[in-house]
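In what follows, a single structure is set out as structure tokens and then discussed.
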Amino acid sequence: MKINFIHKIQHIGIPVHNMEVSIPFYERLGFENVMESPFEFDGGFGTCVMMKNHEVIVELYQMPEKQLAEIKQRKVGHIDHFAIDVEDVDYAFEALKQAGFEILEKEPTFLAFWKNGTRFFNVKGPNGEIIEFNQIL
Numbered sequence: 001m002k003i004n005f006i007h008k009i010q011h012i013g014i015p016v017h018n019m020e021v022s023i024p025f026y027e028r029l030g031f032e033n034v035m036e037s038p039f040e041f042d043g044g045f046g047t048c049v050m051m052k053n054h055e056v057i058v059e060l061y062q063m064p065e066k067q068l069a070e071i072k073q074r075k076v077g078h079i080d081h082f083a084i085d086v087e088d089v090d091y092a093f094e095a096l097k098q099a100g101f102e103i104l105e106k107e108p109t110f111l112a113f114w115k116n117g118t119r120f121f122n123v124k125g126p127n128g129e130i131i132e133f134n135q136i137l
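Going letter by letter, the sequence shown gives residues 1 to 137 in the UniProt record's numbering.
What follows is the structure in structure tokens.
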């Protein structure tokens with residue numbers, strides 16, 4: 001059976017430790033808070049925030065206090081990375097470098113993926129998530 005109904009990433013969910021740190025981080029990347037809602041879980045209340053930049057949606061969710069300690073101590077279970085498509089990786093690299101983001105590479109890296117390759121670099125988020133900025137050549 002061929003799956004042919006998947007069109008694009010709808011959103012990436014990231015468990016956060018502190019919304020007051022995470023929201024401004026994503027706002028600095030050009031994301032806008034387009035939805036915020038409390039939710040009930042296991043007798044406590046958490047918060048879910050949808051951050052959107054063009055067609056990219058990142059769901060930030062902070063679990064109730066009871067679950068938050070476990071999330072902070074996780075060694076696995078967080079997103080390794082998610083990739084954002086960019087038209088000019090060099091421009092993106094310089095813009096984020098100038099804005100003071102923690103970039104994990106000294107310069108964009110080339111990989112022989114796709115027909116003509118790809119160039120990318122990674123930024124570290126406040127919860128340990130890695131955000132890849134990727135240009136398919």
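Ideal Cβ positions, reconstructed from N, Cα and C, are used throughout, including at glycine.
Check: For V34 and I130, the rounded distance between their alpha carbons; Outcome: 22 angstroms
Check: G125 classed as buried or exposed, judged by whether at least 16 other C-beta atoms fall within 10 angstroms; Outcome: buried
Check: Simplified DSSP state of V89, which is helix, strand or coil; Outcome: helix
Check: Start and end residues, beta strand (DSSP E) containing F120; Outcome: T118 to K124
Check: For E36 and I136, the rounded distance between their alpha carbons; Outcome: 33 angstroms
Check: Assigned secondary structure, L60 (DSSP; H/G/I helix, E/B strand, else coil); Outcome: strand
Check: Distance between R74 and E55 (C-alpha atoms, nearest Å); Outcome: 29 angstroms
Check: Exposed unless 16 or more other CB atoms sit within 10 angstroms - verdict on Y26; Outcome: buried
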